[in-house]
Every structure is written in structure tokens, then in C-alpha cells.
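Worksheet: the structure to be examined is printed underneath.
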Amino acid sequence: MRLKYKVAIITGSGSGIGKAAALMFAREGAKVIVADIDEAAAKKTVEEIKIQGGESTFFQVDVTKELQVKQMIDVTEERFGRLDVLFNNAGMQNIGSILEVKEEDWNKVFDVNVKSVFFCSRHAVPLMIRNGGGSIINVSSVAGVVGVPKLAAYCAAKGAVALLTKNMALDLASHKIRVNCLVPGTTLTPLIQDLLKTDDTEEKRRARLAKYPIGRYGNPEDIAAAALFLASDEASFITGSSLVVDGGMTAM
Ligand code: 1HS
């Protein structure tokens, strides 16, 4: 088992990539804190982990609220005594160019995708240091590497996550905390549905899929498997990196 004896927090693990990762990490022996703003969804993930024979607990959290984030780390310490992996997976998307996006939506996208990484990491790091190190995994996007039409706020936020990852890798290396980010392409999760709905003709649907040389979009498990690798000791010499999991989209 690749995460035996490790304790992992996964934000946004009530659905999508986070849920797939929670199930996968638990199968690899990790104790998983399933953190999500949607309590019912988080409880469902925990139930599925229990059915698999794994150990986990849920924590309802709005990752944009620092006090709630601090409580999540306190509860993790009380319950498990340590923290080895923080998967900063919670995210959201907003559709629109800079001419269309409203200020409140711009702020929300930055709060959920970027400020959450700042809050969760700053509270997790002291606990990780106490147990001798850890692995933090952030989620950028192909939209943080190349421009994607109608995703102004999301592109800007995911670009910020990629650079924050490099900064954190440098600042935390001496504490034996590795920090990396994933760069997923379009993955079939609830988050991407609004964007895919803008493809309202067969031609648009075909054009988007044509950006993916491998001929399909990602599944949550494709991205979760990459997160598992970065979380594990197999990646012990990897920090500050972006692991691209995009079916070749950014190779074009
Ligand atoms: C949602 C994920 O971060 C990817 S946004 C990329 C959209 S596209 O490549 O399918 O146009």
C-alpha cells in the first residue's frame, strides 16, 4: 500500500476528482479527512470508503473561511495526531470573458481556487512540520498554462496556483514538505459541466474534443492517480513541479 500510516486531507472530496482521490488514497492505506462544503456529499464519500474497508471522517468546511480551515486542521490533529498529505483540490469555475465576468464572481473564483490554498496550507504546515514533513498537492489546470476562451477568472486563478506552488515549494523545502501541482485537462466532473454546456452544437463539441490528441476527456481517476503518486514517497525527490495530466492538450 502506497500511503500506509499516512493521514490525508482532501478538500472538495464530496465529488469529482477529490472523491476519486479519497477512495483511491483510502485503498492505499491512508486515513482520509473528506472535507467539503457539501456535508451530504462528504458523508457519502466517507460511507463509500467504509464499504471499501478504509478509514475516514468528514469535515464540513468552506475553504474560503480561515476560521473553519483552522478548525479542520485542529480536528485532524485531535483525531489522527498527524498530517502527511494536503490535497488542495476544492475549486470552481466561472464562464465569461473579462467583458462578461462580474466582480463578485471574479472574487469568488479567486477565493475558492487560490485563497483556499493559502488558508489550508498555512494552517496545515505547522502540523506537518511537527510530524517531520509532508506533501501538498495543488490543482492548477491547462487553463493555467494556456488561454482558454470564456474562462477569464479561472485562467487567471489557475495560473496563480501554478506559481504559488513554486513559491511554496521553495519556502517549505527545508521543512521536508514537498509542494506540487496537477495540471488537469478537461475532466468529466460536475465542475466542467457549465463549460461543456456552452458547446451547443455538434461542431463546437467536436472542436473542443479535438484539442485532446488522446481522443477523450479525463476521468476523475486519471487525475486522482497522479495525485496519489505525488502524495506517495515514490515522489520524494519531486517538489515545485507541475504534473500535466491532459491527454496531450498542452503539447499541441
Ligand atoms: C476544467 C479544467 O481545468 C480544464 S479547462 C479547459 C477547457 S478545454 O481545454 O476543454 O477547452
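Counting from 1 along the sequence shown, just add 15 to a position and that's the residue number in my numbering. Think of the CB as a built atom: it goes at the ideal place given N, C-alpha and C, for glycine as much as any other residue. These numbers were taken from a predicted model, which means no experiment stands behind them.
Residue state for Gly-68 is assigned as coil, using DSSP reduced to three classes. With a cutoff of 9 Å on beta-carbon distance, Val-76 and Asp-51 are scored as near each other.
In this structure, Arg-223 has its CB closer than 8 Å to one or more heavy atoms of the ligand 1HS. Between Ala-184 and Lys-59, the alpha-carbon positions lie close to 33 Å from each other. Sorting Gly-149, Ser-256 and Thr-213 by C-alpha distance to the C-alpha of Cys-196 places Ser-256 at the top. Here DSSP, grouped into helix, strand and coil, assigns Thr-265 to helix. Considering only Thr-79, Leu-245, Leu-166 and Phe-74, the residue with the shortest C-alpha distance to Asp-89 is Phe-74. Within the model, the alpha-carbon separation for Val-47 versus Ile-25 is close to 7 Å. For Thr-202, the pairing in a beta bridge is given by DSSP as Gly-233.
DSSP lists no bridge partner for Ile-110.
When DSSP states are grouped into helix, strand and coil, Lys-173 belongs to the helix group. Of all C-beta pairs linking the stretch 134 to 148 to the stretch 244 to 254, fewer than three are shorter than 8 Å, placing the two stretches out of contact.
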